[in-house]
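Peer 1: In this note's numbering, the protein residues as written are 7 to 161. Even glycine gets a Cβ: it sits at the ideal position worked out from N, Cα and C.
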């Protein structure tokens, strides 16, 4: 049974966040990530790659569990439980993101510019109306304006 109050609250929060994201100019700094990597002695090399391989698996599993709980909470839980699940999901996804970013940085990737290049390529999938269309499987359709990404300059 769906809880209409929880669903309406979630939809309202989602609309608010979408509006905020559309009009917000963000930048990401990896300074604190680099400081953390240095403090934890994460240097380029085979041992660090093995560490990241384990961490990626662990953090992916944690994020998947948190997502399952969040989905369940949207259907059957009180607002308090929903927001707790949302907080847990956010924490696990950000932990996963930190591991991914650290792995990129450890390998010498110019992460911020590589990310911007990928997003430029992704946004080139917009159609004439400014929207990205998907096929029946959810895969984005690449129009004639699509520009494949070239990441070699950032490696």
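Rounded to the nearest angstrom, what separates residue 120 and residue 154 at their Cα positions?
Peer 2: Along the chain shown, read from residue 1 onward, the residue named residue 120 stands at position 114. Along the chain shown, read from residue 1 onward, the residue named residue 154 stands at position 148. Taking the straight line from one Cα to the other gives about 13 Å.
Peer 1: Can you say whether residue 6 is buried or exposed, counting buried as having 16 or more other CB atoms within 10 angstroms of its CB?
Peer 2: This structure leaves residue 6 out entirely; the chain is present only between 7 and 161.
Peer 1: Which two residues bound the contiguous alpha helix (DSSP H) that contains residue 78?
Peer 2: Taking the first residue of the chain shown as 1, we reach residue 78 at position 72. 52-82 is the span of the alpha helix (DSSP H), which, as asked, contains residue 78.
Peer 1: Just reading off the alpha helix (DSSP H) that residue 124 is part of, what are its end residues?
Peer 2: To locate residue 124, count along the chain shown from 1; it is residue 118. For residue 124, the enclosing alpha helix (DSSP H) has its first and last residue at 117-129.
Peer 1: Ordered along the chain, which non-local residues of its own chain (more than five positions away) have a Cβ less than 7 Å from that of residue 149?
Peer 2: On the chain shown, residue 149 is found 143 positions in, with the first residue counted as 1. Only 131, 133 meet the Cβ criterion.
Peer 1: Hey, is the stretch 37-54 in contact with the stretch 77-91, meaning 3+ C-beta pairs nearer than 8 Å?
Peer 2: Of all C-beta pairs linking the stretch 37-54 to the stretch 77-91, fewer than three are shorter than 8 Å, placing the two stretches out of contact.
Peer 1: Exposed or buried, what is residue 129 when buried is set at 16 or more other beta-carbons lying within 10 Å of its beta-carbon?
Peer 2: Along the chain shown, read from residue 1 onward, the residue named residue 129 stands at position 123. Looking at its Cβ environment, which holds fewer than 16 other Cβ atoms inside 10 Å, residue 129 is exposed.
Peer 1: State the DSSP-derived secondary structure class of residue 106, mapped to helix, strand or coil.
Peer 2: Stepping through the chain shown from its first residue, residue 106 is reached at position 100. In this structure, residue 106 counts as helix in the three-state DSSP scheme.
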